[in-house]
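Chemist:
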Amino acid sequence: MVPVIGSPVAFVVALLVGGLAIYVAASIVADIQDYSHAILTAFVGAIAWALTAWIPLFGPLLALIVWVWVINWRYPGGWINAGLIGLIAWIAALGILFVLNAVFGLGVGAFGVPGV
32 MVPVIGSPVA
42 FVVALLVGGL
52 AIYVAASIVA
62 DIQDYSHAIL
72 TAFVGAIAWA
82 LTAWIPLFGP
92 LLALIVWVWV
102 INWRYPGGWI
112 NAGLIGLIAW
122 IAALGILFVL
132 NAVFGLGVGA
142 FGVPGV
């Protein structure tokens, strides 16, 4: 019974971590403090990534562009701000995951932030 409960819990924790990373980045770049908006952005970004990353040869690059497009669509400021939000979210996710995994030993990822 534990794996049935563990998988949804791990998904929710990973989504909250990805949302927190985007929230931190959007707070810095776009001065927007809306955690629920960041969680939805992480969720939509993860879906966009999954739909494009599998394409041979150019998939990962296309997926990154689509992920930044999702951020651009969800936050004001254009492509440069969206790219900065994405970069800062990636760095923030690494820091958050370091604390959660190294200090607390949770072993989770960041859903909605690629590469972490």
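Under the numbering used here, read the sequence shown as residues 32 to 147, first letter to last.
Glycine included, each C-beta is placed from N, C-alpha and C at the ideal position.
If you're wondering where the values come from, they're calculated on a predicted model, not measured in any experiment.
1. Can you have a look at W85 and say buried or exposed, based on whether 16 or more other CB atoms are within 10 angstroms of its CB?
2. Taking DSSP as the reference, what is the three-state secondary structure of I116?
3. In three-state terms, what does DSSP make of F74?
4. Could you give the distance in angstroms between the alpha-carbon of M32 and the alpha-carbon of I59?
5. Going by the beta-carbon positions, is the gap between A113 and V144 smaller than 8 Å?
6. Quick check on V139: buried or exposed, where buried means 16 or more other Cβ atoms within 10 Å of its Cβ?
7. Answer with buried or exposed for L82, where buried requires no fewer than 16 other C-beta atoms within 10 angstroms of its C-beta.
8. Determine the direct distance from the alpha carbon of D62 to that of W110, and round the result to whole angstroms.
9. For the alpha helix (DSSP H) containing G90, name the first residue and the last one.
10. Indicate the three-state DSSP secondary structure (helix, strand or coil) for L131 in the structure shown.
11. Enumerate in chain order the residues of its own chain whose CB-to-CB distance from V44 is below 6 Å, with the five nearest sequence positions on each side excluded.
Modeler: Taking the geometry as given:
1. It is exposed - the Cβ of W85 has fewer than 16 other Cβ atoms within 10 Å.
2. helix
3. helix
4. With a pLDDT of 45 at M32, under the threshold of 50, the predicted position of this residue should be treated as unreliable, though the coordinate-derived value follows. Spanning the alpha carbons of M32 and I59 requires a straight line of approximately 41 Å.
5. no
6. buried
7. exposed
8. 16 Å
9. 90 to 105
10. helix
11. V139
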